[in-house]
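Data first, discussion second: the structure below is written as structure tokens.
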Amino acid sequence: MTVTIHPSAIVDPAAKLGEGVAIGPFCVVGPDVTLGDGVRLVSHVAVDGRTSIGSGTVIYPFASIGHRPQDLKFHGEPSELIIGARNQIREHVTMNPGTEGGGMITRVGDDGLFMMGSHVAHDCIVGDHVIMANNATLGGHVTLGDYVIIGGLSAVRQFVRIGSHAMIGGMSGVENDVIPFGLVMGDRARLAGLNLVGLERRGFKKDDIHALRAAYRMLFGPEGTFAERVEEVGRDFGERALISDVLSFIRAKEARSLCQPRES
């Protein structure tokens, strides 16, 4: 498969282009960019920096990929942006490379959908099958697990972790970590239950979902301290995979705050 480059595009001769790459009108591709097989830049796309884009990814007009991070502590260090395969990156999306203060890499997984105006900041780690709706924003150093959905106009604070299969409602401000399978929403986001619709759509067994709901009620119930409830859930449900994922997430960063349900 041949590479096609529109006459109006500016592609540095040092850029590495895979088979079947298609670069549309008025795109700009820098010298340290690698485009995998079948990558398509529709038009007016700017890709720069040490950026690698996986096969089959499509990037739509006016996206800015791999340019200097929006971080005053960045001093031109040779950091990277690594984007996986088969992503759909829509109009006006911005994704920035890492920084010295965060491991030097921003990484985006496979099969994601990044809708118009969404932003992946420096040093973020984004899993597979993630959906970020229009104008959703990640601060620096955010971690998203697989199958996370971020609703439109939502913002995730720096260093926050969001567990796999969690869903963030639209127009939410997320300041604290979100457990796997959690559903959060609100001006200052609070935990509003489990992402049951997502669990059902992805084929989890009903008895596993019922057990997860029971563990959730115990974990965020009124009895005892949170640490005591975590241990109790571990004793009663720790052998179940979904609940083990939640407990591992909670225990991994004990110093960080978690999104909690709103007090009634």
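Just so we're on the same page, my numbering is the position in the sequence shown counted from 1, plus 2. Cβ coordinates follow ideal geometry from the N, Cα and C atoms, glycine included.
Starting from residue i, follow the beta strand (DSSP E) in both directions and report where the run begins and ends.
i: residue 109; result: 107 to 110
i: residue 186; result: 184 to 187
i: residue 84; result: 82 to 85
Just to confirm, are residue i and residue j a CB contact at a threshold of 8 Å?
i: residue 186; j: residue 261; result: yes
i: residue 57; j: residue 40; result: yes
i: residue 147; j: residue 124; result: no
i: residue 201; j: residue 184; result: no
i: residue 181; j: residue 251; result: yes
i: residue 101; j: residue 82; result: no
i: residue 255; j: residue 179; result: yes
i: residue 30; j: residue 48; result: yes
i: residue 144; j: residue 116; result: no
i: residue 142; j: residue 157; result: no
i: residue 192; j: residue 264; result: yes
i: residue 244; j: residue 210; result: yes
i: residue 233; j: residue 220; result: no
i: residue 237; j: residue 213; result: no
i: residue 51; j: residue 99; result: yes
Nearest to residue i by alpha carbon, out of the options?
i: residue 3; options: 9, 22, 10, 12; result: 22
i: residue 160; options: 248, 251, 126; result: 126
i: residue 68; options: 177, 55, 139; result: 55
i: residue 218; options: 205, 240, 203; result: 240
i: residue 173; options: 10, 154, 71; result: 154
i: residue 133; options: 169, 237, 101, 102; result: 169
i: residue 118; options: 74, 63, 265; result: 63
i: residue 249; options: 264, 230, 265; result: 230
i: residue 97; options: 156, 74, 139, 77; result: 139
i: residue 20; options: 11, 10, 37, 253; result: 37
i: residue 93; options: 234, 136, 263; result: 136
i: residue 113; options: 121, 128, 71; result: 128
i: residue 215; options: 226, 199, 227; result: 199
i: residue 72; options: 122, 65, 53; result: 122
i: residue 120; options: 206, 65, 11, 253; result: 65
i: residue 228; options: 247, 207, 253, 204; result: 253
Sorry if obvious, but does the Cβ on residue i come closer than 7 Å to a heavy atom of the ligand ZN?
i: residue 254; result: Absent from the structure shown: the ligand ZN. Ligands present: none.
Identify every run of the alpha helix (DSSP H) within the region 193 to 261, keeping only runs that are complete inside it and at least 4 residues long; order them along the chain.
Runs found: 198 to 203, 208 to 221, 228 to 239, 243 to 254.
Please give the ranges of any beta strand (DSSP E) in the region 11 to 73, keeping only runs that are unbroken, at least 3 residues long and fully inside the region.
52 to 55, all fully within the region 11 to 73.
Do the region 45 to 62 and the region 82 to 97 make contact, defined as three or more Cβ pairs closer than 8 Å?
With a cut-off of 8 Å, the region 82 to 97 and the region 45 to 62 count as touching, because enough Cβ pairs lie within range.
Is the region 108 to 116 in contact with the region 156 to 174, if contact means three or more CB pairs nearer than 8 Å?
No, the region 108 to 116 does not touch the region 156 to 174.
Say whether the region 39 to 54 touches the region 15 to 31, bearing in mind that this needs 3 or more beta-carbon pairs closer than 8 Å, one atom from each stretch.
Remark: three or more beta-carbon pairs, one from each stretch, lie closer than 8 Å, so the region 39 to 54 and the region 15 to 31 are flagged as touching.
Whole beta strand (DSSP E) elements within the region 109 to 188, 3-residue minimum
DSSP runs (the beta strand (DSSP E)) wholly in the region 109 to 188: 184 to 187.
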